[in-house]
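Taken in sequence, the protein lines are chains A and B.
Counted from 1, the first sequence has number 105 at position 105 by our numbering; the numbering is strictly sequential.
If you want our numbering, it's the 1-based position in the second sequence plus 112.
Where a beta carbon is used, it is the ideal one built from N, C-alpha and C, also for glycine.
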Amino acid sequence: GNSVTQMEGPVTLSEEAFLTINCTYTATGYPSLFWYVQYPGEGLQLLLKATKADDKGSNKGFEATYRKETTSFHLEKGSVQVSDSAVYFCALSPYGNNRLAFGKGNQVVVIP
Amino acid sequence: GAGVSQSPRYKVAKRGQDVALRCDPISGHVSLFWYQQALGQGPEFLTYFQNEAQLDKSGLPSDRFFAERPEGSVSTLKIQRTQQEDSAVYLCASSLDGQLSYEQYFGPGTRLTVT
Chain A
1 GNSVTQMEGP
11 VTLSEEAFLT
21 INCTYTATGY
31 PSLFWYVQYP
41 GEGLQLLLKA
51 TKADDKGSNK
61 GFEATYRKET
71 TSFHLEKGSV
81 QVSDSAVYFC
91 ALSPYGNNRL
101 AFGKGNQVVV
111 IP
Chain B
113 GAGVSQSPRY
123 KVAKRGQDVA
133 LRCDPISGHV
143 SLFWYQQALG
153 QGPEFLTYFQ
163 NEAQLDKSGL
173 PSDRFFAERP
183 EGSVSTLKIQ
193 RTQQEDSAVY
203 LCASSLDGQL
213 SYEQYFGPGT
223 RLTVT
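Given below as structure tokens:
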């Protein structure tokens, strides 16, 4: 079936540090890949997406590259801010489908 | 403009009661999705509508769950004879079209607690 695995546990880091959140997936065919973010008290928002292998999605300083050979879509940001504190979800949508399959999410806390 | 709205935001039900959760999608959005998010987990797909047609209900966990969108706009998720395991946040999302290239916009969710 289709599934997404995110690294375990919350992530706590200092302002201006480098952020990486790992995401790997299992899917048949060629899914589209997404990162969603949930800020405190708000609904899920699309952060970035990639629809084919080697595509790089980017937004607000965040980047993720669709790696078919390693079935990964790791999220990175070079210098985080306190305002980046949120829960981040990796998700996929199987080819020819529109339902999203989400990972468990990672709480990111950025300390001033 | 207005986003996806859901009501109520919080619902407490006694085990065995029926509940109805409402979703108002973004005006003009053709596709509507329901997801269930248990505490500490990612959202899980429940069902999908294109206009008034329910095209996929494979994620509904039991026949106690029922969703409708009779006029292709507002949708209602109904849970009959609620059980404790139904406690979760229920998320609604809409998109302009069902194709992959259109973003899903999520509502704030309804937190259901079954006591």
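*Anything in chain B within Cβ reach of K104 of chain A, meaning under 9 Å, just list it in chain order.*
The residue labelled residue 104 of chain A in the question sits at position 104 within the first sequence. The answer, in chain order, is G152, Q153 and G154.
*Of all the options B:F157, B:K126, B:A150 and B:L144, which has the alpha carbon lying nearest to the alpha carbon of N163 of chain B?*
In the second sequence, counting from the first residue as 1, residue 163 of chain B sits at position 51. Cα-wise, what sits closest to N163 of chain B is B:L144.
*Does any residue of chain A bring its CB to less than 7 Å from the CB of E164 of chain B?*
Working through the second sequence from its first residue, we reach residue 164 of chain B at position 52. Judged by the 7 Å Cβ criterion, E164 of chain B is not in contact with chain A.
*Using the beta-carbon of each residue, which ones in chain A are nearer than 7 Å to Y160 of chain B?*
As a first step, residue 160 of chain B is located in the second sequence; it is residue number 48 there, counting from the start. The contacting residues are N98 and R99.
*State yes or no: is the beta carbon of L46 of chain A nearer than 7 Å to at least one beta carbon in chain E?*
The displayed structure is made up of protein chains A and B, and chain E is not among them.
*Could one say the Cβ of F177 of chain B lies closer than 7 Å to chain A's Cβ atoms, at least one of them?*
Within the second sequence, residue 177 of chain B is the residue found at index 65, counting from 1. Chain A contact via Cβ: absent.
*Could you name the residues that DSSP lists as bridge partners for L33 of chain A?*
Within the first sequence, residue 33 of chain A is the residue found at index 33, counting from 1. Paired residues: A:A50 and A:L92.
_For V82 of chain A, the three-state DSSP class (helix, strand or coil)_ = As a first step, residue 82 of chain A must be located in the first sequence, where it is residue number 82. Correct three-state label for V82 of chain A: helix.
*Once you ignore the five residues that flank N2 of chain A on each side, which residues in its own chain have a CB closer than 8 Å to its CB?*
Here residue 2 of chain A refers to the residue found at position 2 of the first sequence. Y25, T26, A27, T28, P31, L92, P94 and A101.
*Determine the direct distance from the alpha carbon of E16 of chain A to that of C204 of chain B, and round the result to whole angstroms.*
As a working note, residue 204 of chain B is residue 92 in the second sequence. As a working note, residue 16 of chain A is residue 16 in the first sequence. Near 34 Å, if we compare the C-alpha coordinates of E16 of chain A and C204 of chain B.
*Spatial distance of P10 of chain A from L151 of chain B (CA atoms)*: Here residue 10 of chain A refers to the residue found at position 10 when the first sequence is read from its first residue. Here residue 151 of chain B refers to the residue found at position 39 when the second sequence is read from its first residue. Cα-Cα distance, rounded: 15 Å.
*Should H74 of chain A and N106 of chain A be called a contact, given that it needs their Cβ atoms to be closer than 7 Å?*
Position 74 of the first sequence, counted from the first residue, corresponds to residue 74 of chain A. Position 106 of the first sequence, counted from the first residue, corresponds to residue 106 of chain A. Cβ atoms of H74 of chain A and N106 of chain A: not closer than 7 Å.
*Where does Q196 of chain B land, buried or exposed, given buried means 16+ other C-beta within 10 angstroms?*
For this step, residue 196 of chain B is matched to residue 84 along the second sequence. Label assigned to Q196 of chain B: exposed.
*Are V110 of chain A and S72 of chain A touching if we call contact CB-CB under 7 Å?*
Locating residue 110 of chain A in the first sequence gives position 110, counting from the first residue. Locating residue 72 of chain A in the first sequence gives position 72, counting from the first residue. No.
_Coil, strand or helix - Q196 of chain B by DSSP_ = Taking the first residue of the second sequence as position 1, residue 196 of chain B is located at position 84. Reduced to three states, the DSSP call for Q196 of chain B is helix.
*How many Å lie between S83 of chain A and K68 of chain A at the Cα?*
Working through the first sequence from its first residue, we reach residue 83 of chain A at position 83. Working through the first sequence from its first residue, we reach residue 68 of chain A at position 68. Straight-line Cα distance between these residues: approximately 31 Å.
*With respect to the beta strand (DSSP E) encompassing T20 of chain A, which residues constitute its N-terminal and C-terminal limits?*
As a first step, residue 20 of chain A must be located in the first sequence, where it is residue number 20. From DSSP, the beta strand (DSSP E) with T20 of chain A extends over L19 to I21.
_Backbone secondary structure at V91 of chain B - three-state DSSP_ = Shown here, chain B extends from 113 to 227; a query on residue 91 of chain B therefore has no answer.
*Closer than 7 Å, CB to CB, is G184 of chain B near chain A or not?*
Position 72 of the second sequence, counted from the first residue, corresponds to residue 184 of chain B. With 7 Å as the cut-off, G184 of chain B does not count as an interface residue toward chain A.
*Check the C-beta distance from K104 of chain A over to Q153 of chain B and give it rounded, since I have them as a contact under 8 Å.*
Within the first sequence, the letter at position 104 stands for residue 104 of chain A. Within the second sequence, the letter at position 41 stands for residue 153 of chain B. So it is a contact: roughly 6 Å between Cβ atoms.
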